[in-house]
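Listed in order, the protein sequences are those of chains A and B. Just remember that this note's numbering sits 966 ahead of the position in the first sequence, which is counted from 1. Just remember that this note's numbering sits 1 ahead of the position in the second sequence, which is counted from 1. Step one of this worksheet: look at the structure below.
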Amino acid sequence: ETGVTQTPRHLVMGMTNKKSLKCEQHLGHNAMYWYKQSAKKPLELMFVYNFKEQTENNSVPSRFSPECPNSSHLFLHLHTLQPEDSALYLCASSLAAGTNNEQFFGPGTRLTVL
Amino acid sequence: AQTVTQSQPEMSVQEAETVTLSCTYDTSESNYYLFWYKQPPSRQMILVIRQEAYKQQNATENRFSVNFQKAAKSFSLKISDSQLGDTAMYFCAFMKRDAGNMLTFGGGTRLMVKP
């Protein structure tokens, strides 16, 4: 596969469930990002990882827990979510953060919290 | 903090015609980048065009061009010879130079190209 892939593409979960979103990039990048895209709101940056180190947490609630085991993979672990967390979650990657480079986006995971 | 505003939630244009999408931003920075991203229905967001703030010349990419007015903090996107495949959400975004590649997005404009 090429580019940035995300799985699953769709996820429905209850408020007591625990689930994980996966992102993989095949571009040789070293920076990866999680964004939240809600209806009627601008895309919100959630987390930034640069060379596997978290460099930005944009005041995200602790029920969202990111993990970056290597530069190609990024996870978002979800637990005890709220209905207002329903959104499209987008992953992106770029050459190392701080280098003013273009971000390449994945197709997103459409999350519905019941 | 930076803010990006897209004042047109929805627009439509006839195929082959020209349309301009508006974007304004607020920042105290002097070195930054501006982007237009396109998000087609159920498809990945892709970069359309990029402008460096220190360049006076407006960026162009085939049918896409920008009108960058730094003093007015305005960054509009012009699409010439609109095609059905241009139907998408368009997002304007701001990136401060050397600040971790972090993008600040506008709320988006939904563009419909009609046959």
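The beta carbon of each residue, even a glycine, is placed where N, CA and C say it ideally should be.
Cα separation between residue i and residue j?
i, j, result
"F1071 of chain A", "A72 of chain B", "31 Å"
"N1023 of chain A", "L1040 of chain A", "14 Å"
"Q9 of chain B", "M90 of chain B", "11 Å"
"T88 of chain B", "R44 of chain B", "11 Å"
"F106 of chain B", "H976 of chain A", "24 Å"
"L1047 of chain A", "Y1055 of chain A", "14 Å"
"W37 of chain B", "F92 of chain B", "6 Å"
"T110 of chain B", "S1038 of chain A", "32 Å"
"S1059 of chain A", "K1002 of chain A", "15 Å"
"Q40 of chain B", "E1068 of chain A", "15 Å"
How about residue i: is its C-beta nearer than 8 Å to some C-beta of chain B?
i, result
"G994 of chain A", "no"
"V1026 of chain A", "no"
"G1072 of chain A", "yes"
"T1021 of chain A", "yes"
Residue i and residue j: beta carbons closer than 8 Å?
i, j, result
"K985 of chain A", "M979 of chain A", "yes"
"G969 of chain A", "H992 of chain A", "yes"
"S83 of chain B", "T28 of chain B", "no"
"L22 of chain B", "S77 of chain B", "yes"
"Q52 of chain B", "V67 of chain B", "yes"
"F65 of chain B", "I47 of chain B", "no"
Spell out whether any CB of chain A is found under 8 Å from the CB atom of residue i.
i, result
"F92 of chain B", "yes"
"G86 of chain B", "no"
"N63 of chain B", "no"
"M113 of chain B", "no"
"F106 of chain B", "yes"
Closer than 6 Å by C-beta to residue i: which residues in its own chain qualify, once you throw out the five before and the five after it? Chain order, please.
i, result
"Y26 of chain B", "V5, K74, F95"
"L1080 of chain A", "G980"
"D1051 of chain A", "V1079"
"E30 of chain B", "K97"
"M113 of chain B", "S13, T88"
"E955 of chain A", "Outside the shown range of chain A, which is 967 to 1080, sits residue 955 of chain A, and nothing can be said about it."
To which residues of the same chain is residue i closer than 8 Å at the C-beta, ignoring the five residues directly before and after it?
i, result
"P1049 of chain A", "M981, V1079, L1080"
Given 7 Å as the limit, tell me if residue i has its C-beta closer than that to any heavy atom belonging to the ligand ADP.
i, result
"L1061 of chain A", "For the ligand ADP, the structure offers nothing, since it holds no ligand at all."
Considering only residues of the same chain and omitting the five flanking positions on each side of residue i, which have a CB-CB separation below 7 Å?
i, result
"P974 of chain A", "T1075"
Problem set entry | Meets three-Cβ-pair contact criterion under 8 Å: the region 100–108 of chain B and the region 1014–1021 of chain A | Yes, the region 100–108 of chain B is in contact with the region 1014–1021 of chain A.
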